[in-house]
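Chains A and B supply the protein sequences, listed in that same order. Going by the numbering used here, the first residue of the first sequence is number 40, and it counts up by one from there. Going by the numbering used here, the first residue of the second sequence is number 40, and it counts up by one from there. What follows is a set of notes on a single structure, which appears directly below.
There are 2 protein chains.
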Amino acid sequence: MQNVLNALRALEEVAVRQPIGVADLARAMQLPKSSVQRTLVTLREAGWIRPTGSVPTRWVVTTKALHVGRHATDELGLRDIALPVMEELRRRTDETIHLAVREGGNVVLVERLETSQPVRIILPLGQNLIMHASANGKAVLAADPPEAAERYMAHGLRDFTDTTITDPVRLRAELAVTRERGWATNSGEWRPDVSAVAAAVIGEGGLPVASISVNVPTSRMSDEAGPVYGALVSEAAKRISTALGRAHEESTGR
Amino acid sequence: MQNVLNALRALEEVAVRQPIGVADLARAMQLPKSSVQRTLVTLREAGWIRPTGSVPTRWVVTTKALHVGRHATDELGLRDIALPVMEELRRRTDETIHLAVREGGNVVLVERLETSQPVRIILPLGQNLIMHASANGKAVLAADPPEAAERYMAHGLRDFTDTTITDPVRLRAELAVTRERGWATNSGEWRPDVSAVAAAVIGEGGLPVASISVNVPTSRMSDEAGPVYGALVSEAAKRISTALGRAHEESTGR
DNA sequence: AGGGTTGTGCCGTGAAGCGGCACGCTGTAT
DNA sequence: ATACAGCGTGCCGCTTCACGGCACAACCCT
Numbered sequence: 040m041q042n043v044l045n046a047l048r049a050l051e052e053v054a055v056r057q058p059i060g061v062a063d064l065a066r067a068m069q070l071p072k073s074s075v076q077r078t079l080v081t082l083r084e085a086g087w088i089r090p091t092g093s094v095p096t097r098w099v100v101t102t103k104a105l106h107v108g109r110h111a112t113d114e115l116g117l118r119d120i121a122l123p124v125m126e127e128l129r130r131r132t133d134e135t136i137h138l139a140v141r142e143g144g145n146v147v148l149v150e151r152l153e154t155s156q157p158v159r160i161i162l163p164l165g166q167n168l169i170m171h172a173s174a175n176g177k178a179v180l181a182a183d184p185p186e187a188a189e190r191y192m193a194h195g196l197r198d199f200t201d202t203t204i205t206d207p208v209r210l211r212a213e214l215a216v217t218r219e220r221g222w223a224t225n226s227g228e229w230r231p232d233v234s235a236v237a238a239a240v241i242g243e244g245g246l247p248v249a250s251i252s253v254n255v256p257t258s259r260m261s262d263e264a265g266p267v268y269g270a271l272v273s274e275a276a277k278r279i280s281t282a283l284g285r286a287h288e289e290s291t292g293r
Numbered sequence: 040m041q042n043v044l045n046a047l048r049a050l051e052e053v054a055v056r057q058p059i060g061v062a063d064l065a066r067a068m069q070l071p072k073s074s075v076q077r078t079l080v081t082l083r084e085a086g087w088i089r090p091t092g093s094v095p096t097r098w099v100v101t102t103k104a105l106h107v108g109r110h111a112t113d114e115l116g117l118r119d120i121a122l123p124v125m126e127e128l129r130r131r132t133d134e135t136i137h138l139a140v141r142e143g144g145n146v147v148l149v150e151r152l153e154t155s156q157p158v159r160i161i162l163p164l165g166q167n168l169i170m171h172a173s174a175n176g177k178a179v180l181a182a183d184p185p186e187a188a189e190r191y192m193a194h195g196l197r198d199f200t201d202t203t204i205t206d207p208v209r210l211r212a213e214l215a216v217t218r219e220r221g222w223a224t225n226s227g228e229w230r231p232d233v234s235a236v237a238a239a240v241i242g243e244g245g246l247p248v249a250s251i252s253v254n255v256p257t258s259r260m261s262d263e264a265g266p267v268y269g270a271l272v273s274e275a276a277k278r279i280s281t282a283l284g285r286a287h288e289e290s291t292g293r
């Protein structure tokens, strides 16, 4: 079903490059113009993209993808279970709380509650978090079997800021510390002004399925606040993990 | 491209019914089992769905859709323009702020900032808001040309609570009031405990392209608060509208 | 032990997607 | 004023590749 693959690729390409026209898109995809045009018409018929109405015609994605995407965490009722815990966590910290799920080799932001304090940065839902340069990523990596971490490191560790951990030896040590104390940190390792602490949510297979984090502007992240938030986020993750196990037992029959 | 349409339909069906198996899905879609299976394998190859790993195989959607969906408001940089204004609005009200965009005959929630107060409503992003039973919907409807409102009403006005406006005559009057004062209201007309005030964001064509709202539990929505929030949300929407116009002028050359 | 249902894979046939091509249009450079 | 290059759109014959009936092994309840 090559044309389905092409159509989905076209959809992604439109999302990234929108607003875009047929010719540009055909060039970007290295496909004949007429084929791309037919694909665009089909995607519109399905309601996933729409022309802006301008001339020449430019295409943009609709919110159809959002409708589908919001079910991404439904598998075990993760969102329903996590939200109340996240709310309490925010009440206690008054900082931005993130929920991210594991997805193959990545960690993706799926839910978010913000601090009421003046905020620096708002990450969009669907954002890919870097495994070795985010608290959520490191929490998941630490909870994974060591082979998984090694496999990830084999691809190299890109650096984003001057505090990013790019040395595999240092990352291994950091993961050991994380395992020991039960929560991961991020001190401006992805973007200078974003710091965080996180803890992994463990699924019934014993593997990490998600992670929650408390995100704080680096300027507000004091030496005292870290351990306090760490203890809170670690306890919250544990509560979600056990609730998840209970929900799973019920749904699979006792 | 019938198979593309089927594949996208399958994707939506999986999202709604997940976790689901081949046979169930084939029944739901009224399609041969083998066709559906082939489609599922293709969708997995493209990274939009994945098997849970259990036996028998069950399919769930990945976060791919979220990645695509987060671009849905990129068209004019709406999100970037609206977020700072929404933040200030939340700071002033300490209530939940919603940003919704127009989409054909619907209004869809695309961004959200929550109150820090304990009692609150959390709607998932991608939620479809009812035109005649939400503040955002009524704000858009009031800013539309009268024909559009009439066309919408022609389909009938479903009721959700005992305060839902189901009488076209009353709705017309309500829209007139909304136009007059510059902001729309919702007093538990969709869900009893949800009230809100909203104002439409006007695009460069003079038509409403989006709407922002202040959402308050009905219990907290006093007679005094309404007009105060109304004035704030109305001013915020105006600021977004003019900023949007400016951004559009620049991008289309002077 | 058995009937039903599951997920998976094969394969011949025919429909439908592919892509080269041409058209009308717009905006720019000559 | 004219030529030209780029755009979006539509046609149409060839060939491919998706369709769906069918078979099979594994699994679950009786």
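Yeah, the Cβ is synthetic: ideal placement off N, Cα and C, and Gly gets one too.
Residue i to residue j span [Cα, whole Å]
i: B:A62; j: B:E51; result: 16 angstroms
i: A:D206; j: B:H171; result: 57 angstroms
i: A:R209; j: A:V147; result: 24 angstroms
i: B:T112; j: B:E213; result: 29 angstroms
i: B:L196; j: B:R285; result: 37 angstroms
i: A:L79; j: A:R190; result: 38 angstroms
i: B:D201; j: B:L122; result: 34 angstroms
i: A:G292; j: A:G242; result: For A:G292, the predicted model reports a pLDDT of 40, less than 50, meaning its position is unreliable; a value from the coordinates is still stated below. Near 17 angstroms, if we compare the C-alpha coordinates of A:G242 and A:G292.
i: A:V179; j: A:R66; result: 39 angstroms
i: A:A276; j: A:A239; result: 6 angstroms
i: B:I204; j: B:E186; result: 19 angstroms
i: B:D232; j: B:V216; result: 23 angstroms
i: B:M68; j: A:N167; result: 32 angstroms
i: A:S234; j: A:M260; result: 7 angstroms
i: A:E297; j: A:W229; result: Residue coverage of chain A in this structure runs from 40 to 293, which leaves residue 297 of chain A outside it and unanswerable.
i: A:R278; j: A:I120; result: 9 angstroms
i: B:T91; j: B:S73; result: 20 angstroms
i: B:I161; j: A:R211; result: 39 angstroms
i: A:Q41; j: A:P157; result: 48 angstroms
i: A:N145; j: B:D198; result: 43 angstroms
i: A:E142; j: B:R77; result: 23 angstroms
Short Cβ contact (8 angstroms threshold) for residue i with residue j
i: B:V236; j: B:A174; result: yes
i: B:G54; j: B:V100; result: According to the sequence as given, residue 54 of chain B is Ala; it is not Gly. The answer is yes: Cβ separation under 8 angstroms.
i: A:Q57; j: B:H106; result: no
i: B:V149; j: B:L128; result: no
i: B:T102; j: A:G108; result: yes
i: A:T132; j: A:L271; result: yes
i: A:A182; j: A:P247; result: yes
i: B:M125; j: B:L152; result: yes
i: B:G221; j: B:T257; result: no
i: A:V75; j: A:L82; result: no
i: B:G176; j: B:T224; result: no
i: B:G60; j: B:R97; result: yes
i: B:A104; j: A:A104; result: yes
i: A:L70; j: B:A85; result: no
i: B:S341; j: A:S155; result: Nothing about residue 341 of chain B can be reported from this structure: the residues present for chain B run from 40 to 293 only.
Contacts that residue i makes with chain A (C-beta to C-beta distance below 8 angstroms)
i: B:T81; result: M40, V43 and L44
i: B:W87; result: L47
i: B:E84; result: L44
Residue i: contacting residues in chain A (beta-carbon distance under 9 angstroms)
i: B:D133; result: S155
i: B:V147; result: T101, T102, L105 and H106
Contacts that residue i makes with chain A (C-beta to C-beta distance below 7 angstroms)
i: B:V107; result: L50, E51, A54, V100 and A104
i: B:G165; result: T102, L105, H106, G108 and R109
i: B:V179; result: The contacting residues do not exist; B:V179 stays about 14 angstroms from chain A at best.
Chain-ordered neighbours of residue i on chain B, where CB pairs are closer than 8 angstroms
i: A:I160; result: Residues of chain B passing the Cβ test: none, with the nearest at roughly 10 angstroms.
The ligand GTP heavy atom lying under 7 angstroms from the CB of residue i
i: A:R190; result: Summarising the ligand content, the structure contains no ligands, and the ligand GTP is consequently not present.
Closer than 7 angstroms at the beta carbon, the chain B residues around residue i
i: A:L152; result: E153
Check: Should the stretch 118–138 of chain B be regarded as contacting the stretch 243–260 of chain B, the criterion being three or more beta carbon pairs within less than 8 angstroms?
Finding: Touching, per the Cβ criterion.
Notebook entry, point to check: Mind listing which residues of the stretch 199–223 of chain B have their C-beta closer than 7 angstroms to chain A's C-betas, in chain order?
Noted result: none
Next item on the list: Could you name the residues of the stretch 56–79 of chain A whose beta carbon sits closer than 9 angstroms to any beta carbon of chain B, in the order they occur along the chain?
Entry: Q57, P58, R77 and T78
Next item on the list: Mind checking the stretch 116–142 of chain A against chain B and listing, in chain order, the residues whose C-beta falls within less than 9 angstroms of any C-beta there?
Entry: Under the 9 angstroms Cβ criterion, the stretch 116–142 of chain A contributes R118, L122, E126, R129, R130, D133, V140 and E142.
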